[in-house]
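Undergrad: First the structure, then my questions, so here it is.
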Amino acid sequence: MTSELTAEQQSVREEFNWFARSVLRPYSSQADRLGEVPQELLDLPVIANSMRIHVPIAFGGGWQSINTPGRTYDLAANSVLRVVAMEEIGYGDTSLFIALPWPTLAAPVVEALASPELQHRFFSSFVDGSGPCWASFAMTEKNVGSDATGISTTATRDGDFWILNGTKWFIGSGALASWVAVFATTNVRLRRFGIHAFLVERGTPGFVVGRRLPTSGFRALTLSELKFENCRVPTENHLTSGRSGGSGFEASMRTFDQFRPSVGAWAVGASRAALEYAREILLQNGARHANAHSWKRVAARLDDLALSVQAARLLNWKAAWMLDRGIDATQEISVAKAFCAEVATQVCSECLDFAGRAAMAGTAPLEKLVRDMKAFDHLEGTGDIHRLMITRSMLRNSPLNREGDFIR
Amino acid sequence: MDFNFSEIQLHWRKAAADFVVSCSPPPADGASGAHWLERAVADSRRTGVFDCALALESGDTGFDLLAICLVVEELARLDTGFCVAFLNRSLCYRAASFFMSQQVRRSFAEALRTMPAPVGAVLIWPDANSNDSPSSGTTVTLADSQLRIDEVISLAQPDTTFCLGWAPSADSKADGAIGFLASGNSVAPSIEPASVDGFRTLPVNRITGLLYNDGPNTRIHCSEALDFAQLLASAGAERALLFAATEIGLAQVALDYALDYSRTRIAFDKPLCQHQAVALRLAEVAIRIKSARILLWAACERGPLGTPDPKQAAQCWNYCARAAADAASWACQLLGGHGFLTHHPVASWLREIHMLRLLGGQSLESESNLQ
């Protein structure tokens, strides 16, 4: 076993560190204040590159290297590369990054279930140079979150169309999206087996953007309510077409598995940033006033926190590494995701305490990090849901089930 | 990055797991624990597990600390006393391989292989800077073919036949130490059991004035003046990680036990594990253990000097010790009043984890090294 990064992983880390420092951070507090992505940022040429990150190479995607012209990194297909990159993004500003135009979680669903023509149309819109393009993933409803099998948005077949009815909540970039991957059920009682996925295009009759939902953190990201009122979706946009029902739910679960390590990586990156900010402030201000004994204690605590961050990073890397090899990583992913989010919350909160009033200064946005941090626990399944999944998995696979394995 | 284990690592982990399965469990009463330990050690020598540090060192791939950690974690399932005896032996050999000449190492390896009373291998660890350490105050002098250890509380049996260690020399300055390696029958004016409420199978004794006389039945194989700081940094790093592996092994076995209990114990008309609060707690324990374990695995990687990074190892051990203590404490809590009874071993695992923290050089001391 080795935790050393390969040359390729190291290059990706360096490029995304540059992206975080030079592209995200300068606009971070402005975006937080505005509640949207500043237009000047959207006008930067590098945004066209960032839109390609989650687009498969086959459709012209991938991150085009800045340091090595002509080289493309396939982040969509390589989970380890993706988590290495996403940690740097978290170090910059996660909320601003996910508010930027990109295919979001809709990409893996489209890649897994859409027809080749629809895949081409969908992915082309992110690489054809026609300007910013957003997509959204619409599963959550007002009363249905972690238990996604209980969604109530309905889908009814009507000739060459499907009619969608219902309301989705907490949809990131929903108000801006040109494409929305929507999950709806043909029969509520069938639970997971009744769930189908649809790709709804902006402008489809019956697709209405509702109100924006105010949040304490992740303010650059627009979270919206999306309404589907007799929304007529052509059958070619039915992402489970040609398959039996239920594959929509499976696809969504696979998507979550694929993206959860990214959430963990964002949390790790943000924790790293918080530690760095806190050290900086303490060295500038705190150390001057603190006596040697209390400074030692603070320094030791910062070391402790850094070690937790390292553990979170390694767990996340391992989960991504397993994903890339097709090993069942569900438990590892849940462990990593729950732990990363918990560590991030703890690290940011303690760093805020250490920094004191200086944390409110614009140059050290610890206060923003603390607000943002809670989102990592909620994104892609809450920490508690992951913990329940871990325990279920342990109860199924406990070593005690192996005869003779347990000695005393 | 690569999270695969090598074939050697998998081989030794499986060998250890097979041994644990085949070995009869230690007696519950503790009265005949020492005899059980001797039998278990003899059995494990036959399978090669007990000497795997030697095998790894002499193998083609070189020494593999991660393999030893994996073995230790498996052995912790069986008995902590056994695990500590294994650690002592492995660390003796590892420490010798760091600081002793090739010739002495060969003689040491040979002595280990042929030693009739294998549990008697003792590693005396220098803790000159600590007032809390068990070996505090230990001094060693070597003169006139006689090795004298003034005072030590160790895990030795009364019939200790083998001793390897370092301690500040009575003659040297604070930064110097004597390394010694002696085998045969020692003379100890006073050997009395230390009153330690801990390992059920491994005797802990207070030995005062241990003497090795170089003669027909006893040999002082070598003594070398050593750089004290370098010794602590290099050998100490591996030692810290092996203690961490033991603690993680104990925490895992406590979690497994609590999981089983939560499946069978009914409360409010359903198994404990179906209560959400219990399920969340079990997951939290698993997460803590997994986070400590992955840190340990990463810390086993060798630095530029061929050994783990000392600071990283000390931090890792601290983290693992705390995680293991929390995990075992939560597992104990889950059993309610039963966790307090000797019918269930969870309480003893918790106690043993705390003992390992003290035995290994005290976590506070380790923390102060980090500052």
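First to last, the sequence lines map onto chains Y and C. Okay, so the first sequence: first residue is 1 according to the numbering used here, each after it adds one. Okay, so the second sequence: first residue is 1001 according to the numbering used here, each after it adds one. All residues carry an ideal CB built from backbone N, CA and C; glycine is no exception. The structure presented is a predicted model; accordingly, all values stated were derived computationally and were not measured.
#1: Just to check my reading of the structure: residue 1020 of chain C and residue 1056 of chain C have Cβ atoms closer than 8 Å, yes? What is that Cβ distance to the nearest angstrom?
#2: What is the DSSP secondary structure of residue 1256 of chain C, reduced to helix, strand or coil?
#3: Tell me residue 337 of chain Y's beta-bridge partners as DSSP assigns them.
#4: At a CB distance below 7 Å, what residues from the segment 1307 to 1322 of chain C approach chain Y? Give them in sequence order.
#5: What does a CB cutoff of less than 6 Å around residue 35 of chain Y pick up in its chain, not counting 5 residues either side in sequence?
#6: Can you check whether the C-beta of residue 1044 of chain C is within less than 7 Å of a C-beta belonging to chain Y?
#7: So, is residue 368 of chain Y buried or exposed, given that buried needs 16 or more other C-beta atoms within 10 angstroms?
#8: Listed from N- to C-terminal order along the chain, which residues in the segment 337 to 351 of chain Y have their beta-carbon within a distance smaller than 9 Å of any beta-carbon of chain C?
#9: Can you find the residues in the same chain that come closer than 7 Å, C-beta to C-beta, to residue 382 of chain Y, ignoring five residues on each side of it along the sequence?
#10: For residue 403 of chain Y and chain C, any beta-carbon pair shorter than 7 Å?
#11: Relative to chain C, which residues along the segment 149 to 170 of chain Y have a C-beta separation below 9 Å, given in chain order?
#12: Residue 137 of chain Y and residue 104 of chain Y: beta carbons closer than 7 Å?
#13: Assess contact between the segment 318 to 332 of chain Y and the segment 341 to 349 of chain Y, defined as three or more Cβ pairs (one per stretch) separated by less than 8 Å. Is contact present?
#14: For the segment 293 to 325 of chain Y, which residues have a CB atom closer than 8 Å to at least one CB atom of chain C, in sequence order?
#15: Can you tell me whether residue 134 of chain Y is helix, strand or coil according to DSSP?
#16: Mapping DSSP to helix, strand and coil, what is residue 1357 of chain C?
#17: Quick check on residue 390 of chain Y - is its C-beta less than 7 Å from some C-beta in chain C?
#18: What is the C-beta distance between residue 87 of chain Y and residue 269 of chain Y, in whole angstroms, given that I count them as a contact (C-beta under 8 Å)?
#19: Which one of C/1250, C/1256, C/1300 and C/1032 has the shortest CA to CA distance from residue 1354 of chain C?
#20: Name the one or two DSSP bridge partners that residue 231 of chain Y has.
#21: In this structure, does DSSP put residue 201 of chain Y in helix, strand or coil?
#22: Keeping to the same chain, check which residues put their C-beta closer than 6 Å to that of residue 211 of chain Y; ignore five residues upstream and five downstream.
#23: Residues of the segment 1266 to 1291 of chain C with a CB closer than 9 Å to any CB of chain Y: list them in chain order, please.
#24: Please give me, in chain order, every unbroken run of the beta strand (DSSP E) with length at least 3 that falls completely inside the segment 254 to 302 of chain Y.
#25: Going by DSSP, what residue range makes up the beta strand (DSSP E) through residue 179 of chain Y?
#26: Within the continuous alpha helix (DSSP H) that includes residue 191 of chain Y, where are the two ends?
#27: Assess, as a yes-or-no matter, whether the segment 80 to 100 of chain Y is touched by the segment 4 to 24 of chain Y under the definition of 3 or more beta carbon pairs within less than 8 Å.
#28: Report the partner residues of residue 224 of chain Y according to the DSSP bridge assignment.
#29: Hey, residue 154 of chain Y and residue 184 of chain Y: beta-carbon distance below 7 Å or not?
#30: Whose Cβ in chain Y lies nearer than 8 Å to the Cβ of residue 1001 of chain C?
#31: What is the residue span of the beta strand (DSSP E) that residue 473 of chain Y lies within?
#32: Pick helix, strand or coil for residue 218 of chain Y, following the three-state DSSP scheme.
#33: Keeping to the same chain, check which residues put their C-beta closer than 7 Å to that of residue 1047 of chain C; ignore five residues upstream and five downstream.
#34: Please classify residue 250 of chain Y: does DSSP put it in a helix, a strand, or coil?
#35: Residue 158 of chain Y: which of Y/221, Y/234 and Y/143 sits nearest, CA to CA?
#36: Identify which residue in Y/371, Y/37, Y/191 and Y/197 has its Cα closest to the Cα of residue 133 of chain Y.
TA: According to the structure shown:
#1: Counting from one through the second sequence, the residue named residue 1020 of chain C turns up at place 20. Counting from one through the second sequence, the residue named residue 1056 of chain C turns up at place 56. Incorrect: roughly 19 Å between the Cβ atoms, too far for contact.
#2: On the second sequence, residue 1256 of chain C is found 256 positions in, with the first residue counted as 1. Correct three-state label for residue 1256 of chain C: helix.
#3: Residue 337 of chain Y sits at position 337 when you count from the first residue of the first sequence. According to DSSP, residue 337 of chain Y bridges with nothing at all.
#4: Within the segment 1307 to 1322 of chain C, those residues whose Cβ lies closer than 7 Å to any Cβ of chain Y are, in chain order, 1315 and 1319.
#5: Counting from one through the first sequence, the residue named residue 35 of chain Y turns up at place 35. Excluding sequence neighbours, residue 35 of chain Y sits near 219.
#6: Walking along the second sequence from the start, residue 1044 of chain C turns up at place 44. The beta carbon of residue 1044 of chain C sits no closer than 7 Å to any beta carbon of chain Y.
#7: For the purposes of this step, residue 368 of chain Y is taken as residue 368 along the first sequence, with counting starting at 1. Residue 368 of chain Y counts as buried, since at least 16 other C-beta atoms from the protein chains shown sit within 10 angstroms of its C-beta.
#8: Answer in chain order: 338, 339, 342 and 343.
#9: For the purposes of this step, residue 382 of chain Y is taken as the residue at position 382 of the first sequence. Only 146 meet the Cβ criterion.
#10: As a first step, residue 403 of chain Y is located in the first sequence; it is residue number 403 there, counting from the start. Note that residue 403 of chain Y scores a pLDDT of 34, beneath 50, so its modelled location is shaky; the value from the coordinates is reported in the next line. Not one chain C Cβ lies under 7 Å of residue 403 of chain Y.
#11: If the cut-off is 9 Å between Cβ atoms, the segment 149 to 170 of chain Y has nothing near chain C.
#12: Looking up residue 137 of chain Y in the first sequence gives position 137. Looking up residue 104 of chain Y in the first sequence gives position 104. Taking 7 Å as the Cβ cut-off, residue 137 of chain Y and residue 104 of chain Y qualify as a contacting pair.
#13: The segment 318 to 332 of chain Y is not in contact with the segment 341 to 349 of chain Y.
#14: Cβ contacts with chain C: 296, 299, 300, 303, 304, 307, 308, 310, 311, 312, 314, 315, 317, 318, 321 and 322.
#15: Counting from one through the first sequence, the residue named residue 134 of chain Y turns up at place 134. DSSP places residue 134 of chain Y in coil when its eight states are reduced to three.
#16: Counting from 1 along the second sequence, the entry for residue 1357 of chain C is found at position 357. Note: residue 1357 of chain C maps to helix in three-state DSSP.
#17: Position 390 of the first sequence, counted from the start, is the residue given in the question as residue 390 of chain Y. Chain C, which has a Cβ nearer than 7 Å to the Cβ of residue 390 of chain Y, makes this yes.
#18: Position 87 of the first sequence holds residue 87 of chain Y. Position 269 of the first sequence holds residue 269 of chain Y. Taking C-beta atoms under 8 Å as the contact rule, residue 87 of chain Y and residue 269 of chain Y qualify, at a distance of about 4 Å.
#19: As a position in the second sequence, residue 1354 of chain C is number 354, starting the count at 1. Here the closest residue by C-alpha is C/1250.
#20: For the purposes of this step, residue 231 of chain Y is identified with residue 231 of the first sequence, where counting begins at 1. According to DSSP, which records beta bridges pairwise, residue 231 of chain Y is partnered with Y/164.
#21: Sequence index remark: in the first sequence, residue 201 of chain Y carries index 201 (1-based). Strand, per DSSP.
#22: Your numbering for residue 211 of chain Y matches position 211 in the first sequence. Result list for residue 211 of chain Y: 225, in chain order.
#23: Across the segment 1266 to 1291 of chain C, CB contacts with chain Y closer than 9 Å involve 1273, 1276, 1278, 1279, 1280, 1281, 1282, 1283, 1284, 1286, 1287, 1288, 1290 and 1291, in sequence order along the chain.
#24: Taken in chain order, the complete beta strand (DSSP E) segments of 3 or more residues contained in the segment 254 to 302 of chain Y number zero; there are none.
#25: For the purposes of this step, residue 179 of chain Y is identified with residue 179 of the first sequence, where counting begins at 1. 179 to 185 is the span of the beta strand (DSSP E), which, as asked, contains residue 179 of chain Y.
#26: If you number the first sequence from 1, residue 191 of chain Y lands on position 191. Segment: none, residue 191 of chain Y is in no alpha helix (DSSP H) and carries neither H nor E.
#27: Per the Cβ contact rule, the segment 4 to 24 of chain Y is in contact with the segment 80 to 100 of chain Y (3 or more Cβ pairs under 8 Å).
#28: Start at 1 with the first residue of the first sequence, and residue 224 of chain Y comes out as number 224. According to DSSP, residue 224 of chain Y shares a beta bridge with Y/171 and Y/212.
#29: Translated into positions along the first sequence, residue 154 of chain Y becomes position 154. Translated into positions along the first sequence, residue 184 of chain Y becomes position 184. Yes, the Cβ-Cβ distance between residue 154 of chain Y and residue 184 of chain Y is below 7 Å.
#30: Your numbering for residue 1001 of chain C matches position 1 in the second sequence. By Cβ distance, chain Y contributes 2, 3, 4, 5, 6, 9, 80, 317 and 321.
#31: Since the first residue of chain Y shown is 1 and the last is 408, residue 473 of chain Y is not available in this structure.
#32: Taking the first sequence and counting its residues from 1, one reaches residue 218 of chain Y at position 218. In the three-state reduction of the DSSP assignment, residue 218 of chain Y falls in the coil class.
#33: Translated into the one-based positions of the second sequence, residue 1047 of chain C becomes position 47. Within the same chain, residue 1047 of chain C has close Cβ partners 1015 and 1019.
#34: Looking up residue 250 of chain Y in the first sequence gives position 250. If DSSP states are grouped into helix, strand and coil, residue 250 of chain Y belongs with the helices.
#35: Position 158 of the first sequence, counting from 1, holds the residue named residue 158 of chain Y. Comparing Cα positions, the closest option is Y/234.
#36: Sequence index remark: in the first sequence, residue 133 of chain Y carries index 133 (1-based). By alpha-carbon distance to residue 133 of chain Y, the top candidate from Y/371, Y/37, Y/191 and Y/197 is Y/37.
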